[in-house]
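Reading through the structure tokens given below for one structure.
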Amino acid sequence: MSRAWLAILAAVVLLPVFVRHAIATEIWIFAIFGLGLNLLMGYTGLLSFGQATFFGSAAYVAGYLLKYAGLGVIPALVIGVIVGAASAAAVGYLCVQRSGLYFIMLTFALNQMFYFTAYQWTTVTGGEDGMPGVPRPAILGVDIHGPLAYYVAVAALFLLSLAVMKRIVESPLGKILQAVRDNEPRAEALGYDVRRMKLLAFVVAGAFSGLAGVLYAMLFGIVPLEAIGFVFSGNVVFATLIGGSGSLYGPVIGSFVFIWLSESVSTVWQRWPLLLGVAFVVVVLFFRGGVVEAWARLWTWRGAARAPATARPDAAP
Amino acid sequence: MPLLRTERLTKAFGALTAVNAVTLEVRAGSLHSVIGPNGAGKTTFFNLLTGQLAPTAGRIVFDGHDIAGAPPHEVAHLGIARSFQRTSIFPALSIFDNVWLAAFARQPSWRGLAWRRADRYPELSDKAVAALRDVGLDAKAGRPAREISHGEQRQLELAIALAATPRLLLLDEPAAGLSPDETQRMVALVRQLKGRYTIVLIEHKIDVVMTISDRISVMHFGSVIAEGTPAEIQRNADVRRAYLGGVVSA
Numbered sequence: 134m135s136r137a138w139l140a141i142l143a144a145v146v147l148l149p150v151f152v153r154h155a156i157a158t159e160i161w162i163f164a165i166f167g168l169g170l171n172l173l174m175g176y177t178g179l180l181s182f183g184q185a186t187f188f189g190s191a192a193y194v195a196g197y198l199l200k201y202a203g204l205g206v207i208p209a210l211v212i213g214v215i216v217g218a219a220s221a222a223a224v225g226y227l228c229v230q231r232s233g234l235y236f237i238m239l240t241f242a243l244n245q246m247f248y249f250t251a252y253q254w255t256t257v258t259g260g261e262d263g264m265p266g267v268p269r270p271a272i273l274g275v276d277i278h279g280p281l282a283y284y285v286a287v288a289a290l291f292l293l294s295l296a297v298m299k300r301i302v303e304s305p306l307g308k309i310l311q312a313v314r315d316n317e318p319r320a321e322a323l324g325y326d327v328r329r330m331k332l333l334a335f336v337v338a339g340a341f342s343g344l345a346g347v348l349y350a351m352l353f354g355i356v357p358l359e360a361i362g363f364v365f366s367g368n369v370v371f372a373t374l375i376g377g378s379g380s381l382y383g384p385v386i387g388s389f390v391f392i393w394l395s396e397s398v399s400t401v402w403q404r405w406p407l408l409l410g411v412a413f414v415v416v417v418l419f420f421r422g423g424v425v426e427a428w429a430r431l432w433t434w435r436g437a438a439r440a441p442a443t444a445r446p447d448a449a450p
Numbered sequence: 011m012p013l014l015r016t017e018r019l020t021k022a023f024g025a026l027t028a029v030n031a032v033t034l035e036v037r038a039g040s041l042h043s044v045i046g047p048n049g050a051g052k053t054t055f056f057n058l059l060t061g062q063l064a065p066t067a068g069r070i071v072f073d074g075h076d077i078a079g080a081p082p083h084e085v086a087h088l089g090i091a092r093s094f095q096r097t098s099i100f101p102a103l104s105i106f107d108n109v110w111l112a113a114f115a116r117q118p119s120w121r122g123l124a125w126r127r128a129d130r131y132p133e134l135s136d137k138a139v140a141a142l143r144d145v146g147l148d149a150k151a152g153r154p155a156r157e158i159s160h161g162e163q164r165q166l167e168l169a170i171a172l173a174a175t176p177r178l179l180l181l182d183e184p185a186a187g188l189s190p191d192e193t194q195r196m197v198a199l200v201r202q203l204k205g206r207y208t209i210v211l212i213e214h215k216i217d218v219v220m221t222i223s224d225r226i227s228v229m230h231f232g233s234v235i236a237e238g239t240p241a242e243i244q245r246n247a248d249v250r251r252a253y254l255g256g257v258v259s260a
């Protein structure tokens with residue numbers, strides 16, 4: 134556990150040295166987004182294709198208040214978390230009434246509803262042009278206008294989010310959600326109200342999405358329409374799968390791979406999504422547990438290769 | 011007063027009446043078996059008791075509450091736990107977590123649900139370990155449930171039901187799919203539980219039932235055709251015709 138934390142701390146410190154600050158910041162924002170989704174997808178077994186609903190709603194509401202009401206950063210973040218959780222409660226309540234394919238389609242359809250609302254409601258959201266001019270006020274008197282200062286603030290919030298999510302997955306709720314994923318009727322027979330548990334997972338995931346949404350709006354100073362679109366919902370699913378949806382740290386790694394590829398490689402090679410496609414196919418076919426599993430397998434393979442041949446004759450190539 | 015009473019409990023699936031006006035009383039502390047040929051409606055009867063299915067008609071009174079039609083999670087909170095005929099466990103979780111989850115569900119309050127670390131509930135850990143010890147799986151507590159043998163999974167199935175500290179334990183063919191040796195061990199296990207719990211046992215193996223039951227109800231085509239002590243059931247001519255056939259006369 135502490136090894137993983139050391140690696141993440143090292144990444145937090147070193148990332149801005151090697152990567153443009155805005156990209157580094159985006160990586161951790163996307164990781165917060167992914168942490169929330171992973172509670173649904175990895176732990177509860179609910180594939181949501183509508184996470185941008187909560188991300189975007191929070192970004193619009195908090196962005197609007199930052200811009201027109203002169204809201205401070207901390208109240209804006211709190212409101213973002215609340216909007217994320219509340220929109221997830223409403224959407225989740227409808228979605229958990231169904232399971233399997235119907236559940237997925239509901240998350241998607243409701244996402245589309247939110248998207249078109251934002252698209253049409255141009256007086257508030259700016260429609261296709263987005264909502265520009267989201268300010269980034271000082272936080273407790275500390276100026277976070279500079280890219281590095283903002284990076285530090287976001288990285289700190291990411292570490293906090295990770296610690297909170299770790300607590301949640303190690304709590305009884307974490308076990309209950311995994312039980313729901315593994316065997317829903319049995320969880321119900323033990324005395325767990327499965328729908329309510331799924332809804333709880335939804336609300337927590339929505340809160341994380343909301344936090345990420347507000348940070349995203351402040352990063353670019355705009356809420357683009359895409360922030361509430363289904364492509365964004367798909368991206369976070371993609372990133373989490375590539376990183377490894379079975380593990381707490383999977384979405385963090387996935388976010389790094391996804392954002393780094395999309396932001397760095399896209400400047401060199403226009404057809405970069407091709408790489409993502411290949412990565413996705415490789416993950417689905419060979420490493421269902423994503424990068425995390427690939428890494429674990431590499432270690433066992435290296436360990437086996439190093440061990441004397443007499444000890445494990447069957448492990449020889 | 012019986013702990014559980016059903017009154018003309020009926021479940022129809024379209025034209026098929028799987029459970030037909032079953033009236034039955036289970037006294038506290040007893041072991042009451044329900045036997046009958048395949049398709050007699052025994053498992054459907056259990057599914058009605060635990061809320062997996064809602065009855066078409068009739069009442070289920072458990073400890074003074076009418077629970078007919080209540081959802082499974084509410085029935086579980088009243089203290090009815092069951093094991094399944096077809097093993098139903100959490101394969102990706104550890105054996106310990108499988109039983110721990112059953113113990114946690116029965117907590118009167120779920121304090122710390124999303125925040126307290128799951129390993130900080132010492133009384134639940136004790137309960138989980140005790141349930142595993144009862145079935146002889148305590149040495150394998152850390153293993154993922156999917157990695158153990160079928161026989162051990164059947165034992166785990168039982169341990170999950172025990173960890174819920176049930177007031178009424180419903181066992182649906184605990185020996186299903188076990189080898190003769192494993193069956194012997196499972197029967198010994200159920201015998202140990204007798205007296206500690208109120209048990210309703212569905213069983214296919216007639217010799218097992220005859221030796222450990224206090225009372226036996228015989229189901230045939232959805233109806234109870236006989237009820238009594240093992241000796242009475244053995245003498246009953248209807249039962250012989252419908253079910254026991256040559257097994258008893260041999």
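The listed protein sequences derive, respectively, from chains U and F. Read left to right, the first sequence gives residues 134 to 450 (the working numbering). Read left to right, the second sequence gives residues 11 to 260 (the working numbering). The C-beta atom is built at its ideal place from N, Cα and C for all residues, glycine as well. Source: prediction; values computed, not measured.
For the structure I just gave you, are there three or more beta carbon pairs, one from the stretch 202 to 217 of chain U and one from the stretch 338 to 347 of chain U, closer than 8 Å?
Flag = yes, the stretch 202 to 217 of chain U and the stretch 338 to 347 of chain U touch.
Flag this pair as yes or no: are the beta carbons of residue 422 (chain U) and residue 377 (chain U) separated by less than 9 Å?
Their beta carbons are under 9 Å apart, which means residue 422 (chain U) touches residue 377 (chain U) by this criterion.
Own chain partners of residue 311 (chain U) with C-beta closer than 8 Å, once the 5 adjacent residues on each side are dropped
Counting only Cβ-Cβ distances below 8 Å, and skipping sequence neighbours, we find 176 and 177.
To the nearest angstrom, report how far apart residue 224 (chain U) and residue 346 (chain U) are at their CA atoms.
Their backbone Cα atoms lie some 17 Å apart in a straight line.
Name the chain U residues whose beta carbon is nearer than 8 Å to that of residue 152 (chain F)?
Within chain U, no residue comes near residue 152 (chain F); the closest Cβ sits about 14 Å away, beyond 8 Å.
With a CB to CB cut of under 8 Å and the five nearest residues on each side skipped, what residues in its chain are close to residue 160 (chain U)?
In the same chain as residue 160 (chain U), and ignoring 5 residues on each side of it, the C-beta atoms closer than 8 Å to its own belong to 148, 152, 388, 389, 392 and 393, in chain order.
Output, in chain order, the set of chain U residues within a Cβ distance shorter than 9 Å of residue 275 (chain F).
This structure cannot speak to residue 275 (chain F), because chain F is shown only from 11 to 260.
Spatial distance of residue 48 (chain F) from residue 16 (chain F) (CA atoms):
About 22 Å.
When burial is assigned at 16 or more other CB atoms within 10 Å of the CB, is residue 277 (chain U) buried or exposed?
Buried is the call here.
Nearest to residue 232 (chain U) (by Cα), restricted to the options U:331, U:169, U:265 and U:290:
It is U:331.
Please tell me whether residue 147 (chain F) has its Cβ less than 9 Å away from any Cβ of chain U.
By this cut-off, residue 147 (chain F) is not an interface position.
Would DSSP call residue 88 (chain F) helix, strand or coil?
For residue 88 (chain F), the secondary structure class from DSSP, reduced to helix, strand or coil, is coil.
With C-beta atoms as the reference, is residue 304 (chain U) less than 9 Å away from residue 174 (chain F)?
No; because the gap between Cβ atoms is not below 9 Å, this pair is not in contact.
Applying the criterion that 16 or more other CB atoms from any shown protein chain within 10 Å of the CB defines a buried residue, is residue 324 (chain U) buried or exposed?
Residue 324 (chain U) is buried by the Cβ-count criterion.
Which stretch, first to last residue, makes up the alpha helix (DSSP H) that contains residue 343 (chain U)?
Unbroken alpha helix (DSSP H) run through residue 343 (chain U): 327 to 353.
Boundaries (first-last residue) of the beta strand (DSSP E) holding residue 220 (chain F)
In the DSSP assignment, residue 220 (chain F) falls outside any beta strand (DSSP E) and within the unbroken alpha helix (DSSP H) covering 216 to 222.
Hey, is the stretch 251 to 258 of chain U in contact with the stretch 346 to 364 of chain U, meaning 3+ C-beta pairs nearer than 8 Å?
Three or more beta-carbon pairs drawn from the stretch 251 to 258 of chain U and the stretch 346 to 364 of chain U are found closer than 8 Å, and the two stretches are therefore classed as touching.
Taking the alpha carbon of residue 108 (chain F) as the point to measure from, which residue in U:219, U:309 and U:182 has its own alpha carbon closest?
Restricting attention to U:219, U:309 and U:182, the CA atom closest to the CA of residue 108 (chain F) is found in U:309.
Can you find a CB in chain U that lies within less than 9 Å of the CB of residue 187 (chain F)?
Proximity of residue 187 (chain F) to chain U, defined by a Cβ-Cβ separation below 9 Å, is not satisfied.
Are any of the Cβ atoms in chain U nearer than 9 Å to that of residue 122 (chain F)?
Output row for residue 122 (chain F): interface = yes.
Can you tell me which residues form a DSSP beta bridge with residue 268 (chain U)?
Its beta-bridge partners do not exist; DSSP assigns none.
Closer than 7 Å at the beta carbon, the chain U residues around residue 83 (chain F):
Chain-order list of chain U residues neighbouring residue 83 (chain F): 321, 324, 325 and 326, by C-beta distance under 7 Å.
Which residue comes first and which comes last in the beta strand (DSSP E) that contains residue 72 (chain F)?
That run of the beta strand (DSSP E) goes 67 to 72.
Between residue 215 (chain U) and chain F, is any beta-carbon pair separated by less than 9 Å?
No, no contact with chain F.
In this structure, how does DSSP classify residue 18 (chain F) when only helix, strand and coil are distinguished?
Taken through DSSP and simplified to helix, strand or coil, residue 18 (chain F) comes out as strand.
Distance, residue 432 (chain U) Cα to residue 132 (chain F) Cα
Approximately 35 Å, taken between the alpha carbons.
How far does the beta strand (DSSP E) with residue 237 (chain F) in it reach, from first residue to last?
Taken as a continuous stretch (DSSP letters only), the beta strand (DSSP E) holding residue 237 (chain F) covers 233 to 238.
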